[in-house]
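A.B. asks:
Numbering (the UniProt record's numbering), first residue to last: 1 to 259.
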């Protein structure tokens with residue numbers, strides 16, 4: 001097996017807690033703060049960890065954690081090792097902490113790893129666990145890149161893009177929701193998005209909807225009216241107009257040619 005998990009899980013502390021690893025932990029530690037705060041010391045540096053902070057510690061790093069008496073602190077934690085992980089860690093500089101969005105996509109991946117780790121040995125799937133760990137690392141790599149100061153757009157714009165990609169096909173999707181996810185006013189979010197993405201939020205949402213519609217037209221036998229609704233267009237007449245403007249043919253003709 002390429003990678004091995006020493007431990008992983010979720011902890012919630014309501015009482016004081018302290019732990020120290022003066023000679024390192026022998027594996028790579030990922031620790032995601034989901035509730036409250038705590039204080040850690042990594043290589044002699046004192047760091048306040050707040051909700052949404054992901055801590056990354058390499059095997060030989062001196063590490064201490066302190067949760068004060070009466071302080072609430074919740075976290076996902078994972079200690080693992082392997083040659084793939086060594087290569088991934090060394091291929092680019094890794095920050096000690098990075099702020100991540102506590103969204104369902106990221107947390108679901110972490111929970112999936114925990115559930116696999118807790119299975120009886122005879123039912124564990126090492127290949128699946130390896131793929132899940134790699135997916136977690138690669139997802140984190142993208143976050144580190146997108147949050148770096150030299151990235152091509154502010155992270156708040158990336159956050160809006162990800163929200164649209166996830167929610168555009170929902171019937172309740174609105175620009176107001178996108179602005180709320182970014183903690184910006186509607187006018188500010190609209191201008192910032194257009195400046196860095198080069199198209200409006202509605203145009204970007206339509207791109208996501210059309211892509212979803214193409215998939216359903218290709219791989220399902222659902223009616224075009226149903227697909228229009230499923231992909232966030234509502235009425236078929238609106239879907240027909242948007243689709244023909246983008247692809248130059250009506251949805252029905254496109255489907256016949258592709259079949």
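Heads up, the beta-carbon is just placed ideally off N, CA and C, and yes, glycines get one too.
Report the CB separation of residue 224 from residue 252 in whole angstroms; it is logged as a contact under 8 Å.
C.D. replies: 6 Å
A.B. asks: By alpha-carbon positions, which one of 73, 69, 148, 62 ends up nearest to residue 41?
C.D. replies: 62
A.B. asks: Going by the beta-carbon positions, is the gap between residue 209 and residue 169 smaller than 7 Å?
C.D. replies: Their beta carbons are under 7 Å apart, which means residue 209 touches residue 169 by this criterion.
A.B. asks: Suppose you measure from the CA of residue 32 to the CA of residue 202; what does that come to, to the nearest Å?
C.D. replies: Cα-Cα distance, rounded: 33 Å.
A.B. asks: Does the stretch 48–61 come into contact with the stretch 76–96, if we say contact requires no fewer than three beta-carbon pairs (one atom in each stretch) closer than 8 Å?
C.D. replies: These segments touch.
A.B. asks: Buried or exposed for residue 7, please, with buried defined as at least 16 other CB atoms from any protein chain shown within 10 angstroms of its CB.
C.D. replies: exposed
A.B. asks: With a cut-off of 8 Å on the beta carbons, I'd call residue 30 and residue 78 a contact; round off their distance for me.
C.D. replies: With a beta-carbon spacing of about 5 Å, residue 30 and residue 78 fall inside the 8 Å limit used to define contacts.
A.B. asks: Let's test the definition: count the other Cβ atoms within 10 Å of the Cβ of residue 171 and tell me whether it reaches 16, buried, or not, exposed.
C.D. replies: exposed
A.B. asks: Whole-angstrom Cβ separation of residue 84 and residue 2, contact assumed at under 8 Å?
C.D. replies: 5 Å
A.B. asks: Which residue or residues does DSSP assign as beta-bridge partners of residue 20?
C.D. replies: 64
A.B. asks: Considering residue 7, what are the terminal residues of the alpha helix (DSSP H) in which it resides?
C.D. replies: Taken as a continuous stretch (DSSP letters only), residue 7 belongs to no alpha helix (DSSP H), being part of the beta strand (DSSP E) at 3–13.
A.B. asks: Rounded to a whole number of angstroms, what is the C-alpha to C-alpha distance between residue 74 and residue 108?
C.D. replies: 16 Å
A.B. asks: Below 6 Å CB to CB, which residues in the same chain sit around residue 76 once its five sequence neighbours on both sides are set aside?
C.D. replies: Excluding sequence positions up to five before and after residue 76, its CB lies within less than 6 Å of the CB of 10, 32, 110, all in the same chain and listed in chain order.
A.B. asks: With a threshold of 6 Å on Cβ separation, who are the neighbours of residue 137 within its own chain once the five nearest residues in sequence on each side are excluded?
C.D. replies: Taken in chain order, the residues that qualify are 88.
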